[in-house]
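Residues in the sequence shown are numbered consecutively from 213, following our numbering.
Beta carbons: idealized from backbone N, C-alpha and C, even for Gly.
Quick caveat: nothing in here was measured; it's all calculated off a predicted structure.
Below: the structure, in structure tokens.
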Amino acid sequence: MILVIGGTGTTGRIVAAKLAERGHPTRIASRRPFAGGVRFDWRDPATHPDALADVNAIYAIPPIGEVDPAPVMLPFLERARSGSVRRVVLLSSSAVPPAGHGLGLVHARLGELFAEWAVLRPSWFMENFMGAQPHAVSAREHGEIVSATGSARVGFVDPADIAEVAVRALTDPTPHNTDHVITGPEALSYDAVAAVLTEVGGQPVRHRAIDAAELAERHTANGIPPDFARFLASLDTAIGAGAEDRTTSTVADVTGRSPRSFRDFCRDRLRGDRPGA
Ligand SMILES: NC(=O)c1ccc[n+]([C@@H]2O[C@H](COP(=O)([O-])OP(=O)(O)OC[C@H]3O[C@@H](n4cnc5c(N)ncnc54)[C@H](OP(=O)(O)O)[C@@H]3O)[C@@H](O)[C@H]2O)c1
Numbered sequence: 213m214i215l216v217i218g219g220t221g222t223t224g225r226i227v228a229a230k231l232a233e234r235g236h237p238t239r240i241a242s243r244r245p246f247a248g249g250v251r252f253d254w255r256d257p258a259t260h261p262d263a264l265a266d267v268n269a270i271y272a273i274p275p276i277g278e279v280d281p282a283p284v285m286l287p288f289l290e291r292a293r294s295g296s297v298r299r300v301v302l303l304s305s306s307a308v309p310p311a312g313h314g315l316g317l318v319h320a321r322l323g324e325l326f327a328e329w330a331v332l333r334p335s336w337f338m339e340n341f342m343g344a345q346p347h348a349v350s351a352r353e354h355g356e357i358v359s360a361t362g363s364a365r366v367g368f369v370d371p372a373d374i375a376e377v378a379v380r381a382l383t384d385p386t387p388h389n390t391d392h393v394i395t396g397p398e399a400l401s402y403d404a405v406a407a408v409l410t411e412v413g414g415q416p417v418r419h420r421a422i423d424a425a426e427l428a429e430r431h432t433a434n435g436i437p438p439d440f441a442r443f444l445a446s447l448d449t450a451i452g453a454g455a456e457d458r459t460t461s462t463v464a465d466v467t468g469r470s471p472r473s474f475r476d477f478c479r480d481r482l483r484g485d486r487p488g489a
């Protein structure tokens, strides 16, 4: 049985669907109970025993909006280890190296806790420009995407490619026992992203570059708590300094096929609708 935490979210729902398609018994964890899923909240230990019953492997995404998720994640993972769980695949981020604090600490401890493990460290998601995501809303309503990245580039990646790496890490007979930095096939600036959204979506979208303090204020105005807003803005500052200007061969190495380009992702998702639809 594979427990998919965040199984209703961006990567988790694709991971759960792929696992089910391939015949792996799968349990989706969600804070909202639904048929076939299990109620699970990182912050509510009373929900943990049912979620873990008979589970052998876990796809774990951290509690969203938490600057330091280690204090809620590590006790759960220790409980999982003392039960039936043998393998854990953690979704982290390219921006978070193993460290002595925060999600980096969970990463650093994973190999000590479990004999079979992997940490996925994707770059920024292509999904950030779709649906109800803030960039998509801004593109639709104001014809602009706003960042504090300047003209720096990011190796944007399709969540379906992350999910395929996750499924392999969860089910390959040989555990990966490593971290995977995952990118799309090319690094793009936000100007280049805006150009693709314009071309494929058929409505003009431009990139407006602002500074990190202004970006943190925008996040706060959108309801994000101030400390997390500052953290998110600091990630843009790091991008501006070139931290995400890279591509890796992880998707091809692990899955045997090339990652999808942002243009192909947009062609599939926008299908001639307005940008960000
Ligand atoms: N967006 C990016 O560009 C990017 C890049 C690199 C890494 N990441 C990382 O990817 C992760 C996912 O980001 P996302 O924005 O795409 O989110 P998402 O996967 O859509 O996250 C929402 C999911 O998390 C679950 N969830 C949230 N809080 C929870 C809690 N307290 N207990 C249990 N489940 C909880 C939600 O489940 P329910 O609502 O059903 O309970 C939902 O399935 C984040 O950790 C982020 O740092 C994102």
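Can we count N340 as close to ligand 1, meaning its CB is less than 6 Å from some heavy atom?
Counted from its first residue, the sequence shown places residue 340 at position 128. N340: yes, Cβ under 6 Å from ligand 1.
Close Cβ partners of F477 (< 7 Å) along its chain, the five nearest in sequence each way excluded
Locating residue 477 in the sequence shown gives position 265, where the first residue counts as 1. Cβ neighbours of F477 beyond the five flanking positions: M338 and D370.
Three-state secondary structure assigned by DSSP to G435:
Indexing the sequence shown from 1 puts residue 435 at position 223. Per DSSP, reduced to three states, the secondary structure at G435 is coil, with no helix or strand assignment.
Of the residues T238, R469, P385 and A433, which one's Cα is nearest the Cα of G396?
Locating residue 396 in the sequence shown gives position 184, where the first residue counts as 1. Checking every option, the nearest Cα to that of G396 belongs to R469.
Rounded to whole angstroms, what's the CA-CA distance from R418 to R483? Just pull it up for me.
For this step, residue 418 is matched to residue 206 along the sequence shown. For this step, residue 483 is matched to residue 271 along the sequence shown. About 20 Å.
Rounded C-alpha distance that separates V358 from P346:
Residue 358 sits at position 146 when you count from the first residue of the sequence shown. Residue 346 sits at position 134 when you count from the first residue of the sequence shown. Cα to Cα, V358 sits roughly 9 Å from P346.
Out of R291, R298, P275 and D457, which one is the CA nearest neighbour of P387?
As a first step, residue 387 must be located in the sequence shown, where it is residue number 175. Out of R291, R298, P275 and D457, R298 has the C-alpha closest to the C-alpha of P387.
Based on the DSSP secondary-structure assignment, which residues constitute the bridge partners of V284?
Reading the sequence shown from its first residue, position 72 is the one you call residue 284. Partner(s): none; V284 has no beta bridge.
Relative to ligand 3, is the shortest distance from any of its heavy atoms to the C-beta of P257 smaller than 6 Å?
Judged by which ligands are present, ligand 3 is missing from the structure shown, whose ligands are ligand 1.
Could you tell me whether the Cβ atoms of F474 and V412 are closer together than 7 Å?
Along the sequence shown, one-based indexing puts residue 474 at 262. Along the sequence shown, one-based indexing puts residue 412 at 200. No, they are not a contact pair.
Put G235 into one of helix, strand or coil per three-state DSSP.
Here residue 235 is taken as the residue at index 23 of the sequence shown, counted from 1. G235 falls in the coil class under three-state DSSP.
Find the nearest neighbour of A229 within the set A378, G367 and D256, judged by alpha-carbon distance.
Indexing the sequence shown from 1 puts residue 229 at position 17. The shortest Cα separation from A229 among A378, G367 and D256 belongs to A378.
Tell me which residue opens and which closes the beta strand (DSSP E) that S359 is part of.
Reading the sequence shown from its first residue, position 147 is the one you call residue 359. First-last of the beta strand (DSSP E) with S359: E356 to S359.
Quick one: Cα of P334 to Cα of D439, how far?
Your numbering for residue 334 matches position 122 in the sequence shown. Your numbering for residue 439 matches position 227 in the sequence shown. Answer to the nearest angstrom: the Cα atoms are 23 Å apart.
Which residue from P274, E429 and Q415 puts its Cα closest to that of S242?
Counting from one through the sequence shown, the residue named residue 242 turns up at place 30. By alpha-carbon distance to S242, the top candidate from P274, E429 and Q415 is P274.
Ignore the nearest five residues each way along the sequence and tell me which others in D480's own chain have a CB closer than 6 Å to its CB.
Translated into the one-based positions of the sequence shown, residue 480 becomes position 268. Within the same chain, D480 has no close Cβ partners at all.
In the stretch 326-374, which residue ranges form an unbroken beta strand (DSSP E) of at least 3 residues, counting only runs that do not cross its ends?
328-334 and 356-359
Regarding W336 and ligand 1, is the C-beta to nearest heavy atom distance less than 6 Å?
Numbered from its first residue, the sequence shown carries residue 336 at position 124. Yes.
Which first and last residues belong to the alpha helix (DSSP H) in which H260 is found?
As a working note, residue 260 is residue 48 in the sequence shown. From DSSP, the alpha helix (DSSP H) with H260 extends over H260 to L264.
Just mark I451 as buried or exposed, buried being the case when its beta carbon has 16 or more other beta carbons within 10 Å.
The residue given as residue 451 occupies position 239 in the sequence shown. Answer is buried; the Cβ neighbour count reaches 16.
Check D256 in the structure and name its three-state DSSP category.
For this step, residue 256 is matched to residue 44 along the sequence shown. In this structure, D256 counts as coil in the three-state DSSP scheme.
In terms of alpha-carbon separation, which member of I240, V267, V227 and E290 lies closest to P257?
Here residue 257 refers to the residue found at position 45 when the sequence shown is read from its first residue. Cα-wise, what sits closest to P257 is E290.
Roughly how many angstroms lie between the CA atoms of S305 and I374, to the nearest whole one?
Locating residue 305 in the sequence shown gives position 93, counting from the first residue. Locating residue 374 in the sequence shown gives position 162, counting from the first residue. Spanning the two alpha carbons is a distance of roughly 11 Å.
Closest Cα partner of A269 within the set R365, W336, S294 and A348
Within the sequence shown, numbered from 1, the residue matching residue 269 stands at position 57. Closest option to A269, Cα to Cα, is S294.
Using alpha carbons as the reference points, say which of G235, I240 and L315 lies closest to I217.
On the sequence shown, position 5 is the one that residue 217 refers to. Taking only the C-alpha atoms, the option nearest I217 is I240.
With distances taken between CB atoms, is the gap from T467 to H392 smaller than 7 Å?
Taking the sequence shown and counting its residues from 1, the one referred to as residue 467 is at position 255. Taking the sequence shown and counting its residues from 1, the one referred to as residue 392 is at position 180. No. Outside cutoff.
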